[in-house]
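Trainee: Using the working numbering, read the sequence shown as starting at 637 and increasing by one per residue.
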Amino acid sequence: MNNLMSLLTISTSETQSGSLSCENCTSNDAAKGRCSDCCVLLCDFCLKAHQRFKDTQEHKIMSLEEVKKQGAPAMTQQVKCDKHKGEVKKLYCESCQQLICRDCTIIDHREHQFQFIDEVAGRLTENLKCSAQNAVQARSKVEGTRKTVREMKEKIKTKCDNTLKEIEDAVQEQIAFLMNKEKELKEEVKRIADNKTKVLDEQDKELTQKLNGLDNSIQFTQKVLQDGNNINILSVSSEANSRLVTLTNQVPYIENQPREQDDFSLQHDRDNFQSTVENGMKIIICNGWGERTVSHLQDHLLVEEHIDDWDESRDEGNGWDFNPTGSLIEFEQDVEEGRQFVGNMYCWDDPRVPYEQSNVYFGNYKYNNAQVPKQKKKQKSRQRGRIG
């Protein structure tokens, strides 16, 4: 990558004006050439020094014009062997999958498979291109899946917000219903109490009149007996006695119990009410099999037990051997008629086996319009359809 950037710099620069500086020293003198081994631009002084030093006198030096003329091949850097001084890695060991020099083939890579770099580069390049294409396709799939996942995250967030709002609205609706019910019940209680109170007020009024009559007669008689003389007593005794007897004889016919009772109360089925609240609102997960689950069946029979019974009945009768990936998409229970399953069973254990539509019976269990293989299997196995 650095070599390509250097080539781009050299190709787009006005080399004659000295816009490229030496990369080997701090003089900032204009670059006159480039060392292919060191991959640096050199000024005149560094070029001469490069050719004098023992470690660099065999390096390949090119003028800037030669570099511009040859292009990318001129930027190719020879790779020196780390183990064998002065040797260039010109071979590729396929056994070890690494670049090697001539001496390496004799010492470290004896009897290995190796070729010159130019001979193997084409094949490895094609392999690399193929791998890169596969990686691009794989990346596209991963990116698509990630996009789908992120979209689903947003959908879940939106659904969460909407569901929370639905919960709040549903609860507020129930609260409003309960508040209205509270108002209705209170008004009914007040109406019942008012009616009963009116009846008791009338009874209380009648009793008060009777009580006042008795009190007046008793007080008058006691006053006469206490303060009157014989003449006074004899003059009023007949009338007073008649009054007392009349009032006293009326007492047995007076209602001795209230005409109304406190016989009203709130009937509150707490268990049923709480169960209704608990089951009336719930969060469901809608999968590919639909929203219905076994728990939503109105007949509260043990479905697992029934399916186990069906398995046993089927196996005893050498029935069809359904694939466990089958789907029971319709489900009914008839409590009065006995245990019976009615539904569509789809099975796909082998695409080469033809299927036919038929009504299938397994003991007390029945499947209508089931897709079953045309050939029977006697192998016993415990397999269960998925219930949606």
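The C-beta atom is built at its ideal place from N, Cα and C for all residues, glycine as well. From a predicted model like this one, the values you see are computed outputs, not experimental measurements.
Could you work out which residue in V825, L836, K841, A667 is closest to Q903 when comparing CA atoms only?
Mentor: V825
Trainee: For C729, does the count of other Cβ atoms within 10 angstroms reach 16, so buried, or fall short, so exposed?
Mentor: buried
Trainee: Apply the 10 Å Cβ neighbour rule to R670 and answer buried if 16 or more other Cβ atoms are within range, or exposed otherwise.
Mentor: Buried: at least 16 other Cβ atoms inside 10 Å.
Trainee: Of the residues L847, N865, D898, E896, which one's Cα is nearest the Cα of T884?
Mentor: Distances from the CA of T884 to each of L847, N865, D898, E896 were compared; the closest alpha carbon is that of L847.
Trainee: Would you give the residue range spanned by the beta strand (DSSP E) that F856 belongs to?
Mentor: F856 -> not in any beta strand (DSSP E); alpha helix (DSSP H) instead, spanning 753 to 863.
Trainee: Once DSSP output is grouped into helix, strand and coil, what is the label at V724?
Mentor: strand
Trainee: Excluding the 5 residues preceding and the 5 following Q687 in the sequence, name in chain order all residues of the same chain whose CB lies nearer than 6 angstroms to its CB.
Mentor: Q693
Trainee: Please determine if the segment 757 to 770 and the segment 734 to 749 are in contact, where contact requires at least 3 C-beta pairs separated by less than 8 angstroms.
Mentor: no
Trainee: Assign V703 to one of two classes, buried (16 or more other C-beta atoms within 10 Å of its C-beta) or exposed (fewer than that).
Mentor: buried
Trainee: Do three or more CB pairs link the segment 807 to 818 to the segment 871 to 879 at distances below 8 angstroms?
Mentor: no
Trainee: Go ahead and label L656 buried or exposed: buried means 16 or more other beta carbons lie within 10 angstroms of its beta carbon, across all protein chains shown.
Mentor: Of the other Cβ atoms in all chains shown, 16 or more fall within 10 Å of the Cβ of L656; this residue is therefore buried.
Trainee: Quickly, what does DSSP pair A666 with across the bridge? List them, please.
Mentor: S657
Trainee: Are there 16 or more other CB atoms within 10 angstroms of the CB of K795, so buried, or fewer, so exposed?
Mentor: exposed
Trainee: Can you give me the Cβ contacts of C717 inside the same chain, cut-off strictly under 6 angstroms, excluding the 5 residues immediately before and after it?
Mentor: E723, K725, C737
Trainee: Sorted by chain position, which residues of the same chain lie with C-beta nearer than 8 angstroms to Q751's C-beta, five sequence neighbours on each side aside?
Mentor: L727, Y728, E730
Trainee: Please report how far the alpha carbon of N664 lies from the alpha carbon of V785, in whole angstroms.
Mentor: 55 angstroms
Trainee: For the segment 825 to 839 against the segment 878 to 896, are there 3 or more C-beta pairs whose distance is under 8 angstroms?
Mentor: Contact between the segment 825 to 839 and the segment 878 to 896 is present, because at least three Cβ pairs lie under 8 angstroms.
Trainee: Which first and last residues belong to the alpha helix (DSSP H) in which L1035 is found?
Mentor: No information on residue 1035 is available, as it lies outside the stretch 637 to 1024 that the chain covers here.
Trainee: Just reading off the alpha helix (DSSP H) that V881 is part of, what are its end residues?
Mentor: 866 to 886
Trainee: Could you tell me which residues DSSP puts in a beta bridge with V676?
Mentor: C671
Trainee: Taking DSSP as the reference, what is the three-state secondary structure of K696?
Mentor: K696: coil per DSSP, three-state reduction.
Trainee: In the DSSP assignment, find the unbroken beta strand (DSSP E) run with I921 in it and report its ends.
Mentor: From DSSP, I921 is part of no beta strand (DSSP E); its letter is neither H nor E.
Trainee: Would you check if the distance between the CB atom of A876 and the CB atom of F856 is smaller than 9 angstroms?
Mentor: yes
Trainee: Check whether the Cβ atoms of K721 and D744 sit closer than 9 angstroms, and answer yes or no.
Mentor: no
Trainee: Closest by CA to C682, which one among N865, E809, I890, E659?
Mentor: E659
Trainee: Going by beta-carbon coordinates alone, are V715 and L700 separated by less than 9 angstroms?
Mentor: Result no, Cβ atoms of V715 and L700 do not sit closer than 9 angstroms.
Trainee: Less than 9 angstroms separating the beta-carbons of K696 and D680?
Mentor: no
Trainee: In three-state terms, what does DSSP make of C740?
Mentor: helix
Trainee: DSSP three-state label for L937, please.
Mentor: With a pLDDT of only 37 at L937, under the threshold of 50, the placement of this residue in the model should not be trusted; the figure read from the coordinates follows. It is coil, neither helix nor strand.
Trainee: In three-state terms, what does DSSP make of C732?
Mentor: C732 falls in the coil class under three-state DSSP.
Trainee: Return the CA-CA distance between T781 and S767, expressed in angstroms with no decimal places.
Mentor: So the two alpha carbons sit approximately 21 angstroms from each other.
Trainee: For K716, list the residues DSSP reports as bridge partners.
Mentor: V724
Trainee: Taking just the CA atoms, how far does I753 sit from K777?
Mentor: 35 angstroms
Trainee: Where I792 and K918 are concerned, what is the direct C-alpha to C-alpha distance, given to the nearest angstrom?
Mentor: 17 angstroms
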